[in-house]
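**Q**
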Amino acid sequence: MLALTELINRIASGRHGLPEALCARQASYLQGLQQPDGGFPNRHGGSDPYYTAFGLGALALLGRLDEQVSAGASGFLRQRLRQRLLPVEFIAAATSALLLHASRSDESLAATLADLQQQAASVLDPLRLPDGGYAKTARSSASSTYQTFLAISCKQLLGMAQDDLRPVAAFLCSRQRPDGGFAEVDHASSSGVNPTAAAVVLARTIQELADAAKTEIPLPSLDPAARYLAAMQTPEGGLRASALVPLADLLSTFTGLVALACLGAEESIDRAAMQGYVADLEHPAGGFCGSLWDRQPDCEYTFYALGTLALLSGAGYTPHGLK
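Per numbering that gives the first Met the number 0, residue 0 is the first one in the sequence shown, and the count goes up by one each step.
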């Protein structure tokens, strides 16, 4: 099983270890966010395909993606997919459409799904650069480690033909730094948790594809990456974005744990402290904030929080103190 699919399944199965009161509370918050047009709002209040992906993903994680929410969201997605979208918006809309289709809650998306591969090729292929990576936009001449992971994962989920994996593997090797982590851009001398997580999952996926094809592809060493990620845990319990950042944030905590789970290295961190950090980010009115200094919850960080707690539970760790 490919690393990405395995991680999705682990996150989904981990929800069964979460308290029912927590799940019900967050489901109510997320359902209340859906806008009249069917989308989920960004922090400025407008419906946004990027945030809609997280709203739907969080409800699916909780097992509470119902027909009413799905019907509204599918209408919003069909409307937005007819418009010109930024690459990150298209990836979000496409993965949301796949999610709704997989849930069988809205078969009317079948026609849209038939066009997604063609749309993905027109949006993502111009981002591919000679170094094997993908740029964030067609106007950029620099590859992004995280965007490369997103683009290849999107194409994989859509069932599209795989990229030539050797240039991608070489690209990943070029982004690993002496501390074991990976940099987001070529000129960066320091590693970051998010690009490291992206590189780890992508490298594992390439390895599994290479094994299935019985070919050998040189890949970066991932044991140092696991040590780098574990070293990014702060006394707060979460992971910081890089060694240059003093405080933890929820995005880095989630992506770092995803990578550690992919490597089977969850025990290298203090899981109780991480759970406590995430629990402290829950907003009294529902949802989760992005860090201890953040005061505004949203569906993106709520997904990260629930995903982190589910991964901790799915890894065999018994949550304590969650309500």
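Where a beta carbon is used, it is the ideal one built from N, C-alpha and C, also for glycine.
Round the Cβ separation of P86 and T136 to the nearest angstrom and send it over; I've been treating them as touching at under 8 Å.
**A** Here residue 86 is taken as the residue at index 87 of the sequence shown, counted from 1. Here residue 136 is taken as the residue at index 137 of the sequence shown, counted from 1. Confirmed, about 7 Å.
**Q** Judging by CA-CA distance, which residue of L310, P283, E299, F302 is the nearest neighbour of K322?
**A** Taking the first residue of the sequence shown as position 1, residue 322 is located at position 323. Nearest of L310, P283, E299, F302 to K322, Cα basis: P283.
**Q** Return the CA-CA distance between L305 and G56, expressed in angstroms with no decimal places.
**A** What you label residue 305 is simply residue 306 of the sequence shown in a count that begins at 1. What you label residue 56 is simply residue 57 of the sequence shown in a count that begins at 1. Cα to Cα, L305 sits roughly 10 Å from G56.
**Q** Using DSSP bridges, identify the partner residues of S143.
**A** The residue given as residue 143 occupies position 144 in the sequence shown. Partner(s): Y133.
**Q** Assess, as a yes-or-no matter, whether the segment 222-234 is touched by the segment 172-180 under the definition of 3 or more beta carbon pairs within less than 8 Å.
**A** yes
**Q** Using the C-alpha atoms, what's the distance from N41 back to A70?
**A** Counted from its first residue, the sequence shown places residue 70 at position 71. Counted from its first residue, the sequence shown places residue 41 at position 42. Taking the straight line joining both Cα atoms gives about 20 Å.
**Q** Assign S312 to one of two classes, buried (16 or more other C-beta atoms within 10 Å of its C-beta) or exposed (fewer than that).
**A** Sequence index remark: in the sequence shown, residue 312 carries index 313 (1-based). That one is buried.
**Q** Can you look up A247 in the DSSP assignment and give me helix, strand or coil?
**A** Here the question's residue 247 lines up with position 248 in the sequence shown. In the three-state scheme derived from DSSP, where H, G and I count as helix and E and B as strand, A247 is classed as strand.
**Q** Any idea if E215 is buried or exposed, counting beta-carbon neighbours within 10 angstroms, 16 or more meaning buried?
**A** Residue mapping note: residue 215 aligns to position 216 of the sequence shown, counting from 1. By the neighbour-count rule (16 or more Cβ atoms within 10 Å), E215 is not buried but exposed.
**Q** Relative to the C-alpha of P217, which candidate in P166, G255, H15, L262 has its C-alpha closest?
**A** Here residue 217 corresponds to residue number 218 of the sequence shown, with the count starting at 1. That would be P166, whose Cα lies nearest to the Cα of P217.
**Q** From R79 to I10, what does the alpha carbon distance come to, in whole angstroms?
**A** Residue 79 sits at position 80 when you count from the first residue of the sequence shown. Residue 10 sits at position 11 when you count from the first residue of the sequence shown. Looking at the two C-alpha atoms, the distance is approximately 28 Å.
**Q** Could you tell me the boundaries of the alpha helix (DSSP H) in which G263 lies?
**A** The count along the sequence shown starts at 1 and reaches residue 263 at position 264. No alpha helix (DSSP H) contains G263, which DSSP labels as neither H nor E.
**Q** So for Q82, helix, strand or coil by DSSP?
**A** Position 83 of the sequence shown, counting from 1, holds the residue named residue 82. Of the three classes helix, strand and coil, the one that applies to Q82 here is coil, per DSSP.
**Q** Got a sec? Which residues, its chain only, sit under 6 Å from F287 by beta carbon, not counting five neighbours each side?
**A** To locate residue 287, count along the sequence shown from 1; it is residue 288. Contacts found: L280, E281, P296, Y300, T301, A304.
**Q** Can you look up L238 in the DSSP assignment and give me helix, strand or coil?
**A** By one-based count along the sequence shown, residue 238 stands at place 239. Strand at L238.
**Q** Alpha carbons only, please: which of A91, D36, A141 is nearest the one belonging to C153?
**A** The residue given as residue 153 occupies position 154 in the sequence shown. It is A91 whose Cα lies nearest to the Cα of C153.
**Q** Could you tell me whether the segment 13-26 touches the segment 264-273, using the rule of 3 or more Cβ pairs below 8 Å?
**A** A contact between stretches requires three or more CB pairs, one per stretch, nearer than 8 Å, and the segment 13-26 fails this requirement with the segment 264-273.
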